[in-house]
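Below is one structure; the comments refer to it alone.
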Amino acid sequence: MPELKLDKKRRSNRIPARFVPYSSTIAKQLDVLFNRAYDKENNISKDDHAAISMSRLRNSCITLLHLLPLALERVNTNTASAITSEGFDALLDFEIWQEIEYFCVNELINVKLPAYATRVEEALENIVKFHLNNNKISAPFRLTNESISIDLVKLHKLEFHQLKEIRVLLQRYLDHLSLLEASIKNLSIRDNILRTSSAIIGLCQHDSFSKTKQAKQPLLTTLRDKAFISPLISNNHLGPFLKYLHPDVWGAAKINYLKTEAEISSYARSISPIFGEEIDAFLKNQLANAPTPKKAQVKSTSLSFLKWLHNGGDITRPTVVLLSKYGISGLAANDKKIFKFLYKLYQDASIKHKYQYLMILNAALSLYHFITGKKIILYSLLPYSLAYYLKESDTTQYQRLEWIYNNTNKYYQNLAEYHDVFTKRIDGESIGIITLKGYILDMANALKNNVSSLTGKQMELIAQNGVHAFVENNFEILKAIREAIQLKSKRNDLSIVTAKQYQSAIDKLLTFYGLDTIISFPVSTELREQHQAQLSQNQNRLYSYQDVVKLAYFIEIGLSSEKFLTVKEKIALYAAKVMLKTGWNLTPTLELNTTDLLFLNTPLHSNKTPAIRLFKRRADYQTQWHKFEVNAENIEKEGILADEIVASVFFDIKSAIELTASYQPSASNLSKRIFVYPQTDNLGNKEVLVLSAGRFKQTINKILADLGCEVMFSVNKIRKTGLNYIYRKVAKEFKWYQKASQHSYATFLRHYLMQDDKDVAKTINRATKTMADYFVRDVTDNVIILMTPPDNGKKVPNGVCTDSKEKSVVRAFESKNRKLLSQRDANEQACADFNACLWCAFYRCIADKEHVWKLLSYRDFVVADMESSAATFDGVTEQLENIKQLKHRINSILDDIAKLDFQAVIDGKELLKAEGIHPHWKDTGLL
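Heads up: the sequence shown runs through residues 1 to 927, numbered per our numbering.
Dropping the structure here:
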């Protein structure tokens, strides 16, 4: 005991005296400790490195004062005697300390400690360390080695004999995990020990264990009983613990020591020298191409396949055999047998382990790709996957027919044979790849979606005989399927188009195998009322005016932004811009080559006319330009476009060409493709890919979403004539927007619509001339509004006409309706062109609710009907321009009426809301 240098005499403390009834030795020892303890005001133990604070000592003593007397009554006699006579010196015996600690902890259920009291196991530890002047010793509730300390106080829930044995086993296991060659992080070891201890507690407390004779015998012995223990394992951490204890029963545990390059190379070369060299080169490449912060993650991912080989046991033996003979290329032998096996392990894995097996599979595929240069797609490993190579984009698509494969395997084989023949066929009966894919999907869905119409025996017959089962028993199965398709079509559960496709697909498959078909249960081709409504609804599923403005705006934002710097993103924006302007289909646009842009010389113009060959023929057809003669027939056959729409996008396509001129795909037939982009794969290899339809859709919608545009880009929603007029106006206003440095779409839209209204205002100045030409008569700029109807007036649907028989207006009406009047053999003596009234000098409007109702009816029903029937949406054509002026004229009249009688406008709107269209307009025949 070191000599203490007391700066100041401490006042006597009453706590030690309270221990005298239980042990005078402990009381004396505590009195010494209180004199050694320090506090902020009285640091009287400067040289006492084991000393603890006064408050900590006091709180520890309070805890012991409550629990030690009770524990002394429960420990065995020798332990109690040793503690009473020797005090804390008795705890130098680890077993005595462990026993008194155990019973103190278990007495907590009978005692309510003060809130400030210390945990009893820590109270004992604090005092013993202080008393023995040794901070390096640890209490029994701690499992320790040189670098780890793990709190296992939860083991005190068990019986004392169980606690002692389990602690010994866990200490051995901790020492095993902490071996240098294991290279496991301390955090992982701590987690492993804690989870293993929880599993052991669960095992010991399980009714199927605690109430049996095995609970009385040593746990080490019981854990050898595999049949008894297996059902009681509660987490996967107990397995490695059992393998460590009894490898002869549970199997040898594999230690994942593949940490250093030497260990990795050594294990790989133990399989075969070739495989060792492949692993070394692969890992070096992966780490060289990984950013520094991610090198550890990349290394772990890249080695997941090697670790699986090392730790997988018997399940990896066939893979190791192939690797030892052929290296990584052996995994593709026998129709990719090993790769398919790895994929099945991934598919069959539990949700918890699915990602682990996917990582193993991806690592093996990446290694194979790096060494051989051949890329294997995941879907190609599925037994129910059919591959379709698209030469135009140098991509392969996979069609998964899992249900057909699992439930009607022979029918799947029929589809696979049909696929194999027509993907290789080059004669006159060949089918386009996309078309073939659609046929096979219809063949599969025709059966899958109508399986409820078949009996169990019929399904067994199809599974055994495939499509041949359709014609057996007098076409029993074929009739059932065709009848189900017809019934669904009649109930509108299936569209007529899809129903006909299903029946046609089945007939094609039957014909392919030389089997007869029947024409029973045909799908009607007559369009019923519901189908007409459906078609009408589909026609209207197009972008609204504001949607187009928004898309155009955000495309321009993207093209001018520094955020989107990758070639892929830029060309996706250019492609979207071209399609939004023109309405061209997605695939022909993305398949444009640099040779598809040309200039035509025309005798009527001094400048050359830009042209684009958009629609290509199938197969390997190429235009032989040296033989090509420009005439109307050849231009039409070649799909060459040379209209104003081409001129509007020619610059955009040339911009895309400049962007991608230095990139050429490896496939010779794609070397002149415009919409291509470079990409570096996860192996660090650089390749040039074409912007396929799928890649375009994914890229453009991600860009738009990142920019804050909620409108998804869809070519199907763009009118076939394109939207160049709107795009041109947006682009024009966008330049102003950029100069003004505005930063929100809402701000831009307000300005755009304001400018749009200004354009209308400018146009209205020439409206009188426009309408004069349209109505073939003189018109007036102003509308006369009266408070009461004139005495000499004649009622017309929008108001009153003061001279409907004036010669000029009658002549104009006859001129416009000459053919109609001649058919009716009529001799009109008055004008009946009610659409022209608002522009006529003889028209008078009355400022009352009745006439407001008439004007609103005309605007919201007649003019709206005219607008919906307008010929196109590709710009403001003459027809749409005239309709726009009509609406503006009506609104101007209503504004003027409001100045005279505001209530009349309000009442007129209420009448329209309550009564609908005015009766006078119902009777005109214009609707």
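Note that the Cβ used here is the ideal one computed from N, Cα and C, for glycine as well.
Residue i - partner residues in DSSP beta bridges
i           : result
residue 151 : 142
residue 593 : 673
residue 288 : Per DSSP, none; premise fails for residue 288.
residue 799 : 796
residue 845 : 785
residue 679 : 687
residue 599 : 610
C-alpha distance - residue i paired with residue j, whole-angstrom precision
i           : j           : result
residue 790 : residue 799 : 11 Å
residue 646 : residue 547 : 23 Å
residue 714 : residue 279 : 45 Å
residue 89  : residue 111 : 26 Å
residue 62  : residue 357 : 55 Å
residue 848 : residue 544 : 35 Å
residue 20  : residue 235 : 48 Å
residue 23  : residue 83  : 8 Å
residue 618 : residue 378 : Note that residue 618 has pLDDT 46, beneath the 50 cutoff, so the model's placement of it is unreliable and no number is given.
residue 450 : residue 444 : 10 Å
residue 488 : residue 551 : 39 Å
residue 277 : residue 269 : 8 Å
residue 710 : residue 571 : 21 Å
residue 466 : residue 455 : 15 Å
Residue j beta carbon less than 8 Å from that of residue i
i           : j           : result
residue 94  : residue 74  : no
residue 232 : residue 208 : yes
residue 837 : residue 801 : yes
residue 346 : residue 322 : no
residue 365 : residue 351 : no
residue 327 : residue 282 : no
residue 50  : residue 38  : no
residue 718 : residue 580 : yes
residue 143 : residue 187 : no
residue 577 : residue 677 : no
residue 689 : residue 679 : yes
residue 843 : residue 921 : no
residue 412 : residue 404 : yes
Where the beta strand (DSSP E) through residue i begins and ends
i           : result
residue 224 : Unbroken run through residue 224: none, as it is neither H nor E.
residue 686 : 686-690
residue 399 : 395-400
residue 611 : 609-613
Selection from the options that minimises the alpha carbon distance to residue i
i           : options            : result
residue 222 : 240, 235, 245      : 245
residue 501 : 195, 25, 191, 436  : 436
residue 408 : 98, 422, 446, 713  : 446
residue 839 : 901, 378, 885      : 885
residue 120 : 136, 131, 137, 141 : 141
residue 610 : 517, 651, 19       : 651
residue 784 : 892, 516, 573      : 892
residue 247 : 860, 80, 129, 220  : 220
residue 386 : 671, 410, 308, 417 : 417
residue 963 : 69, 384, 199       : Since the first and last residues shown for the chain are 1 and 927, residue 963 lies out of range.
residue 692 : 475, 394, 897, 660 : 394
residue 590 : 674, 509, 554, 570 : 674
residue 904 : 786, 887, 793, 862 : 786
residue 856 : 918, 100, 314, 466 : 918
Start-to-end residues for the alpha helix (DSSP H) that takes in residue i
i           : result
residue 202 : 186-205
residue 104 : 94-106
residue 385 : Not the alpha helix (DSSP H): residue 385 falls in the beta strand (DSSP E), residues 385-390.
residue 119 : Counting along the chain, residue 119 falls outside any alpha helix (DSSP H), and DSSP gives it neither H nor E.
residue 944 : Because the chain in this structure spans residues 1 to 927, residue 944 falls outside the shown range and cannot be described.
residue 645 : 644-660
residue 160 : 160-177
residue 716 : Element bounds for residue 716: n/a, residue is neither H nor E.
residue 297 : 295-302
residue 442 : 433-448
residue 61  : 54-74
residue 32  : 24-36
residue 114 : Neither: residue 114 is in no alpha helix (DSSP H) and is coded neither H nor E.
residue 459 : 456-465
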